[in-house]
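Sequential numbering of the sequence shown, starting at 81, is according to our numbering.
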Amino acid sequence: MGRRTRRRAAIVVAAVAALALGATATGCLWPREEYAPGRFCAQANTTALEQCVDASEGPGSAWSKAEQDGELPIQMWALPPFSVPDAFVASEAELRAWFDNLDRPVAYVRDEAKHAESLRATLHGELLGLLVTTRRHQEEILEGEPVRAADNFTRAMTDRASAEEEPLAAAIAADKQALAAATAVFDEARDEAAPLQSRYAAVAARFADYRATEAAETAAYAALSAEASRSGIDGLDGVEQAVLAAAREASRASGELAAEIMTLSAELGALAVSFEEALAPHREVLATHGAVVPDMTSGALRSLGAMLGYAQRRVARSDATATALLGGIALRRQALRALQGDEGAREAIARSRSERASERFGEAARARAEVLSSAPPVSEKLGLPLLAERYGELLALVQMRPLCEAAEASWREAGCAALRGKLDAAEAELRTDLPKKIAAGLSALREKGMAAAALDAAQARLDAGDVKGAAIAYDAAVRGAEGT
Numbered sequence: 081m082g083r084r085t086r087r088r089a090a091i092v093v094a095a096v097a098a099l100a101l102g103a104t105a106t107g108c109l110w111p112r113e114e115y116a117p118g119r120f121c122a123q124a125n126t127t128a129l130e131q132c133v134d135a136s137e138g139p140g141s142a143w144s145k146a147e148q149d150g151e152l153p154i155q156m157w158a159l160p161p162f163s164v165p166d167a168f169v170a171s172e173a174e175l176r177a178w179f180d181n182l183d184r185p186v187a188y189v190r191d192e193a194k195h196a197e198s199l200r201a202t203l204h205g206e207l208l209g210l211l212v213t214t215r216r217h218q219e220e221i222l223e224g225e226p227v228r229a230a231d232n233f234t235r236a237m238t239d240r241a242s243a244e245e246e247p248l249a250a251a252i253a254a255d256k257q258a259l260a261a262a263t264a265v266f267d268e269a270r271d272e273a274a275p276l277q278s279r280y281a282a283v284a285a286r287f288a289d290y291r292a293t294e295a296a297e298t299a300a301y302a303a304l305s306a307e308a309s310r311s312g313i314d315g316l317d318g319v320e321q322a323v324l325a326a327a328r329e330a331s332r333a334s335g336e337l338a339a340e341i342m343t344l345s346a347e348l349g350a351l352a353v354s355f356e357e358a359l360a361p362h363r364e365v366l367a368t369h370g371a372v373v374p375d376m377t378s379g380a381l382r383s384l385g386a387m388l389g390y391a392q393r394r395v396a397r398s399d400a401t402a403t404a405l406l407g408g409i410a411l412r413r414q415a416l417r418a419l420q421g422d423e424g425a426r427e428a429i430a431r432s433r434s435e436r437a438s439e440r441f442g443e444a445a446r447a448r449a450e451v452l453s454s455a456p457p458v459s460e461k462l463g464l465p466l467l468a469e470r471y472g473e474l475l476a477l478v479q480m481r482p483l484c485e486a487a488e489a490s491w492r493e494a495g496c497a498a499l500r501g502k503l504d505a506a507e508a509e510l511r512t513d514l515p516k517k518i519a520a521g522l523s524a525l526r527e528k529g530m531a532a533a534a535l536d537a538a539q540a541r542l543d544a545g546d547v548k549g550a551a552i553a554y555d556a557a558v559r560g561a562e563g564t
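And the structure:
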C-alpha cells in the first residue's frame with residue numbers, strides 16, 4: 081500500500097471513530113486509563129489567567145484553582161494530547177484519548193459543579209474553539225480526498241454539540257422558571273405586608289404618644305399623694321376615688337395599646353410562617369444564584385416586643401403606686417379617726433397594737449430558743465455534722481441580746497423571758513463549740529482521704545477567725561466527699 085493510500089486509510093479510521101463517539105453523545109465506549117494524556121484547563125470569568133493541570137489530576141483540580149483565582153462562571157476545556165495535528169489525524173488512540181478528555185470537564189461542570197452559566201461558558205468558550213479549529217484542519221487535510229470522512233467528522237462534532245446544548249438550554253429554562261416562581265412569592269409577600277407596614281407605623285406613632293405621657297402620670301400620682309397627706313377624713317374619700325380613676329386610666333391606655341401590639345405581632349408572625357412555607361421549594365435555586373432572602377418581619381416583631389414590654393412594666397408600676405397610695409390613705413383615715421376619738425379609745429388602740437407586737441416577737445423568740453435545743457443536721461453517708469446553717473441560727477439568737485437588755489423592752493418581755501436562759505449557751509457554742517466541731521470534721525475528712533486543697537481552705541478560714549466562712553467551706557467539703 082502506497083503512502084497516499086495508507087494516509088487515506090488512517091483518516092477514514094479516525095473519522096469513523098469520531099462519528100461513533102459523536103453518536104454516543106454523553107459517554108465513552110472504552111474504560112479510562114489510569115493515566116490520561118493531555119491537560120485540563122479552567123478560567124474564571126474575572127481573570128485572564130488560565131489554570132491548567134495534568135489530565136491525571138482530573139478536571140476538579142483545574143476548577144478549584146480557577147475558583148480560587150476569580151469568580152463564577154468558570155469555563156473549562158481539555159487540551160489535545162498531541163503536539164502535531166497531523167499525528168492526531170493519523171492516530172486513532174490519540175483521537176480517542178482527546179474525546180475522552182473532552183467529556184470529562186463538561187461532565188464535571190454539569191454533574192458535579194452543577195452551574196448552568198459555567199456550562200454555557202464551557203460549551204461556547206475555548207472548548208468550542210478547539211473543536212472548530214480541529215474541524216478546519218481536518219477539512220484542509222481531506223479537501224482533496226474522495227472519501228466523505230470530513231462530512232462524517234463535521235456531523236459527529238455537530239451531534240456532540242447538540243447533545244450538550246439541549247440539557248444546557250433545559251437547565252437555563254428551568255432556572256428561569258424557578259426564579260420567576262420565587263419572585264412571585266416575594267411579590268405576594270410584599271403585597272400582604274404592605275397594609276401591615278402601615279399599621280406598624282400607626283402603632284409606633286401611638287406608642288410614642290403613650291410614652292410621652294409617663295411624666296404627667298407620675299406627677300399626677302405625686303400630687304394625689306401630697307393631697308392625701310393634707311386631707312382630713314372628709315377629703316380622703318375624694319382623693320381615694322381620684323387614685324382609683326388614675327389607676328383605671330393608666331390600665332386602660334396600656335391595655336388598648338398592648339392589645340393592638342399583640343394583634344399586629346400575631347399577624348406578622350403568621351405572614352412570616354406563610355412566607356417561609358411558600359419559599360421553601362425555592363430555597364435551593366436561590367442559594368445557587370446567591371440570592372438574599374429578605375427578612376420582612378423580624379425587625380418589626382422585635383420592636384413590637386419592646387413596646388409591649390414597656391407598656392406592661394408601666395402599668396405594673398402604676399398599679400403598685402396606686403396600691404401604695406390607697407394603703408397610705410387607709411392608714412391616714414384610721415389614724416385620723418383615732419385622733420377624733422376619746423382618750424380611752426386611743427389607749428385601747430395603742431394597747432392592742434402593743435399586744436400584737438409582743439405576741440409576734442414572743443413567737444419568733446421561742447422559735448429561735450428551740451433551735452438551740454436541737455442538734456445540727458448530719459450528712460447522709462459520712463454522718464458528719466453540717467454546720468453552716470447552725471452558725472446562722474446561733475448568730476441570729478445572739479444578736480437578740482441587745483433587744484432584751486434595753487430599757488424599753490417591756491412589750492418584748494414575754495419573748496425575752498424565753499431567750500435569756502439561752503443567750504449565754506448560744507454565744508458559747510458560737511465562739512467555742514462550733515469551731516471545735518469544724519476542726520474535728522476536717523480531721524475526719526483528712527483521714528478518709530479527702531483532697532487536701534478544700535480542707536486547707538476551710539482550715540485557713542478557721543485559723544483566721546472567720547467561723548462563718550469556715551463552716552460554709554467545711555459543709556462544701558463534706559458534700560464533695562459524698563458526691564452530693
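Where is the CB? At the ideal position from N, CA and C, for every residue including glycine. None of these values were measured; they are calculated from a predicted model.
- CA-to-CA, the gap between P482 and S454 works out to about 24 Å.
- CA-to-CA, the gap between A333 and Q414 works out to about 33 Å.
- Secondary structure at D399: helix, using DSSP grouped into helix, strand and coil.
- Between T202 and P185 a beta carbon distance of about 7 Å is seen, short of the 8 Å cut, so the two are scored as contacting.
- CA-CA distance, R382 to A264, rounds to 27 Å.
- The secondary-structure analysis by DSSP pairs Q123 across a beta bridge with Q155.
- Secondary structure at D546: coil, using DSSP grouped into helix, strand and coil.
- Look at Q392 here: in three-state DSSP terms it is helix.
- Residues of the same chain with a CB within less than 7 Å of the CB of R286, apart from the 5 flanking positions on each side, are L337 in chain order.
- Of all alpha-carbon atoms in Q539, D543, A544, the one lying nearest the alpha-carbon of D555 is that of Q539.
- Q148 is not bridged by DSSP to any residue.
- Shown here, P465 sits in a strand according to DSSP, grouped into three states.
- About 4 Å separates the Cβ atoms of A468 and A551, confirming a contact at the 8 Å cut-off.
- Within the DSSP bridge table, the entry for D134 names R119 as partners.
- Between V189 and L182, the gap from beta carbon to beta carbon reaches 7 Å or more.
- According to DSSP, V458 shares a beta bridge with P465.
- Per DSSP, reduced to three states, the secondary structure at G312 is coil, with no helix or strand assignment.
- Taking every protein chain shown into account, the CB of D317 has fewer than 16 other CB atoms within 10 angstroms, so this residue is exposed.
- Inclusion of A128 and G150 in the CB contact set at 7 Å is not warranted, their separation being larger than that value.
- By the Cβ-count criterion, D180 is buried, with 16 or more other Cβ atoms from all chains shown falling within 10 Å of its own Cβ.
- The beta carbons of A445 and M480 sit about 7 Å from each other, so the pair counts as a contact at 8 Å.
- DSSP, read as helix, strand or coil, puts T214 in helix.
- L406 sits in a helix when the DSSP states are folded into three classes.
- For P160, the secondary structure class from DSSP, reduced to helix, strand or coil, is coil.
- L522 is positioned such that its CB atom lies no closer than 7 Å to that of L474.
- In the three-state reduction of the DSSP assignment, K528 falls in the coil class, being assigned neither a helical nor a strand state.
- A Cβ-Cβ distance of about 6 Å is found for the pair L462 and E562, placing them in contact under the 8 Å criterion.
- Rounded to the nearest angstrom, the gap between the Cα atoms of I341 and A187 is 56 Å.
- In the DSSP assignment, G563 falls outside any alpha helix (DSSP H) and carries neither an H nor an E.
- DSSP places E485 inside the alpha helix (DSSP H), whose first and last residues are 481–485.
- For the pair W157 and H204, the Cα-to-Cα distance works out to about 10 Å.
- Rounded to the nearest angstrom, the gap between the Cα atoms of S278 and D271 is 12 Å.
- Between the region 318–327 and the region 383–390 there are fewer than three inter-stretch CB-CB distances shorter than 8 Å, so the stretches are not counted as touching.
- Here the alpha carbons of G495 and L503 stand approximately 12 Å from one another.
- In this structure the region 299–312 lies against the region 401–410, because at least three pairs of beta carbons, one per stretch, are closer than 8 Å.
- Residue state for K194 is assigned as coil, using DSSP reduced to three classes.
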